[in-house]
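Number of protein chains: 2
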Amino acid sequence: MKRDLDIHVAIIEDDETIREGYAFLIGNTEGYKVVGTYPSYEDAAKRIVKDNPDVILLDVELPGISGIDALPKLKKILPDTHILILTVYEQEMLIFRALGSGAAGYLTKNTPADKIVAAIHEVMEGGGPMSAHIARMVISSFKRNESTPLTRRETEILEQIATGKSRKRIAEELFIDLETVKSHIKNIYHKLNVHSKADAIKAAKDNKFI
Amino acid sequence: MKRDLDIHVAIIEDDETIREGYAFLIGNTEGYKVVGTYPSYEDAAKRIVKDNPDVILLDVELPGISGIDALPKLKKILPDTHILILTVYEQEMLIFRALGSGAAGYLTKNTPADKIVAAIHEVMEGGGPMSAHIARMVISSFKRNESTPLTRRETEILEQIATGKSRKRIAEELFIDLETVKSHIKNIYHKLNVHSKADAIKAAKDNKFI
DNA sequence: GATATATTCCCCCTCTGCGGGTGATTTGCA
DNA sequence: TGCAAATCACCCGCAGAGGGGGAATATATC
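Note that the protein sequences, when read in sequence, are chains A and B.
Residue 173 is where the first sequence starts when you use the working numbering, and the numbers rise one by one after that.
Residue 173 is where the second sequence starts when you use the working numbering, and the numbers rise one by one after that.
Structural data, given as C-alpha cells:
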C-alpha cells in the first residue's frame, strides 16, 4: 500500500538500539513513514536523496563526519528537507552552530517518544521545536545585561562602532559633532578598561552590554 | 487556606474579558494561584511588588506604557520574576526586543488554555516556552545564508573585521601576512559591491553571510 | 592530468581615522 | 541644588584604511 500523504522521515543515528527504536516508534504512528535509517552520514549520503525524506532526525555524535558537519552537506543535497537535531549534548556552541547551519529544531534525547513525533509534525507546520532547556539557552542569548556601566548614548555609539562605522559617520548619523563622539568613546574605553575598538566591542559583547 | 507552594501568577492585560478569563483558568488549576491582575503597567507598578508573583503574563499592546517598555521596568523592580509575553503580534522586532529585555517566553494569544498553564510551569522549571511560529522565527535568526558568494576564508576575515579588529591584528591571529588580509578584503569589497568596512558588514549581515 | 578556484604574498599610492590628554558648557532628573 | 549625562573644543602623533596592479601555490573537482 502506497502512503504518499504520510510524512516521510529518515533517521541518522549510530546507536542501533536507539535508531531502530525511533524507526519502530515513528513507523507505527499514523501519518508517518520511515523511508530510511542510516548509522552514519557516509551511509546516508549514498541513499538519502532517492529516499527523499521530508524530515531527517540527525544525531550530532556520529562516527566519521559529525552530525554538525553533516548538516550543511545534507541541506545542500536536500534543500527542502527539514532537519531535526536529536542529541544528548547541550553545549551552546553546538546548538548555535546547528541552528546556523539550518537545523529546524533541537531536541535532547530524554525527549519522550510522543514529543518527538509531535516535533516532527510541528516542523512540517512551520514550527521550531526545541527542548525546554535549549529554548531557554536560545532566548538567553538575546538577553542584554541590564546592569551596564554604559549610559544610553554610550551604548548607542558603541553599537554603531560595532557595525564598522567611522566616528565621522556616526557623528553625522546621530546629528552630533565628531568631538562629541570622540568624547563618548573615550568614556566608553575608560569604563570598559580597554584601549581599542576591538577590545571595547569584545568586552561589551562578552558582558552583553550590546 | 494558605497555599505557599503554589506558583504565584500575575496578569497584566488591558482587555477585561481576556484578563479575567486567564485569571479564572489559572486560578482554578491545581498548583497555581493568581496574586494580581492589572489592566496596565501603571496599575501594576503600584501593587505588583507586594503581590510578589513568580511569573507575570504580560500583554504587549497596553494603554499608556506598552508591554515592551514595561518589561525592563518590571525586571528592575522584580528581578527574579519570570515574564511571559502573551500577544497577538508576531513582528520580529517586537519579539527580539522582548527577549532582549529579559522575557522568559513568548506566546501568541491563540495558544490553548492548557498550553498557557504548561508554559508557566515550563518557565519555573528553567524552560523557554514559545509558540511554534515564534520559535521558528527565533531559530531562523541564527541561520546563515548557504549561497554566499564569499569563500570560507573571506567569510572568516569579514567576521574578524566585524569584531572591530585591525587588518594587522587579523593577519597576526590568522598567521598570514597583512598583504594577504588586504587582498581578501579587496575581493570581499568587489563581491559585495561596497567600498568600506561598514558597508561590507551591513551587506553581509543583511544577507546573512556572517 | 588538466582546469578552476581559493589562498597566499608582493609592490605601489593617498589620506583619513584612531587613541589619548584636558577642559568647558548645557541639559535633565532627583 | 546638585550630579550625571550629553554636548563641544583644541591639542598631539601614529597607524590604519582603501584602491591600483600583479603573481605564486595549494586544493579541489572533473
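For every residue, glycine included, the Cβ atom is placed at its ideal position computed from N, Cα and C.
In the displayed model, residue 382 of chain A falls within coil according to three-state DSSP, outside both helix and strand. Per DSSP, reduced to three states, the secondary structure at residue 327 of chain B is helical. Restricting attention to A:229, A:204, A:222, the CA atom closest to the CA of residue 211 of chain A is found in A:229. If you check each beta-carbon in the region 295-311 of chain A against every beta-carbon of chain B, the ones closer than 9 Å belong to 295, 297, 298, 299, 300, 301, 302, 303, 304, 305, 306, 307, 308, 309, 310, 311. For residue 210 of chain A, the three-state secondary structure derived from DSSP is strand. The alpha-carbon of residue 343 of chain B is positioned some 11 Å away from that of residue 356 of chain B.
Inter-residue distance for residue 353 of chain A and residue 361 of chain A is about 12 Å (C-alpha atoms, whole angstroms). Under DSSP, residue 231 of chain B shares a beta bridge with B:258. Within 10 angstroms of the beta-carbon of residue 303 of chain A lie 16 or more other beta-carbons, which makes it buried.
In terms of CA proximity to residue 227 of chain A, A:182 leads the group A:283, A:300, A:182. Between residue 266 of chain B and chain A, the shortest Cβ-Cβ separation is not below 8 Å. If you draw a straight line from the Cα of residue 259 of chain B to the Cα of residue 233 of chain B, it is about 7 Å long.
For the pair residue 305 of chain A and residue 299 of chain B, the CB atoms are nearer than the 8 Å cut-off.
Using a Cβ-Cβ distance cut-off of 8 Å, the region 269-279 of chain A and the region 314-325 of chain B are in contact, since at least three pairs of beta carbons, one from each stretch, lie closer than that value.
Looking at the DSSP output, residue 205 of chain B bridges to B:180. Identification of residues in the region 317-331 of chain A having a C-beta nearer than 7 Å to some C-beta of chain B yields 318, given in sequence order. Within the same chain, Cβ atoms closer than 7 Å to the Cβ of residue 382 of chain B are found at 327, 330, 331, 334, 376, the five residues on either side in sequence being excluded. Within its own chain, the residues whose Cβ lies closer than 8 Å to the Cβ of residue 367 of chain B, once the five positions on either side in sequence are excluded, are 361, listed in chain order. Among the residues facing chain B, residue 369 of chain A is included, as its CB has a counterpart in that chain under 8 Å away. When 7 Å is used as the limit between beta carbons, residue 374 of chain B is near these residues of chain A: 335, in chain order. The beta carbon of residue 314 of chain B falls within 8 Å of a beta carbon belonging to chain A, placing the residue at that interface. Taken atom to atom, the span from the alpha-carbon of residue 311 of chain A to that of residue 297 of chain B is near 15 Å. The Cβ of residue 276 of chain A sits closer than 8 Å to at least one Cβ of chain B.
Closest by C-alpha distance to residue 324 of chain B, out of B:195, B:285, B:359, B:220, is B:359.
Rounded to whole angstroms, the gap between the alpha carbons of residue 320 of chain B and residue 378 of chain B is 12 Å. Bridge pairing for residue 278 of chain A: A:257, A:302 [DSSP].
In the three-state DSSP reduction, residue 332 of chain A falls in the helix class (H, G or I). Taking 8 Å as the cut-off between beta carbons, the residues of the region 244-271 of chain B near chain A are 244, 247, 248, 268, 271, in sequence order. In the DSSP annotation of this structure, the continuous segment of the alpha helix (DSSP H) that includes residue 247 of chain B starts and ends at 239-249. If you look at residue 192 of chain A, you'll find it in the alpha helix (DSSP H) that goes 188-199. When CB distances to chain A are screened at a threshold of 9 Å, the residues of the region 335-350 of chain B falling below it are 335, 336, 337, 338, 341, in chain order. Within 10 angstroms of the beta-carbon of residue 236 of chain B lie fewer than 16 other beta-carbons, which makes it exposed. Taken atom to atom, the span from the alpha-carbon of residue 244 of chain A to that of residue 268 of chain A is near 13 Å. Under the DSSP assignment, residue 287 of chain B falls in the alpha helix (DSSP H) whose first and last residues are 285-296. Excluding the 5 residues flanking it on each side, residue 373 of chain B has same chain C-beta neighbours closer than 6 Å at 334, in chain order.
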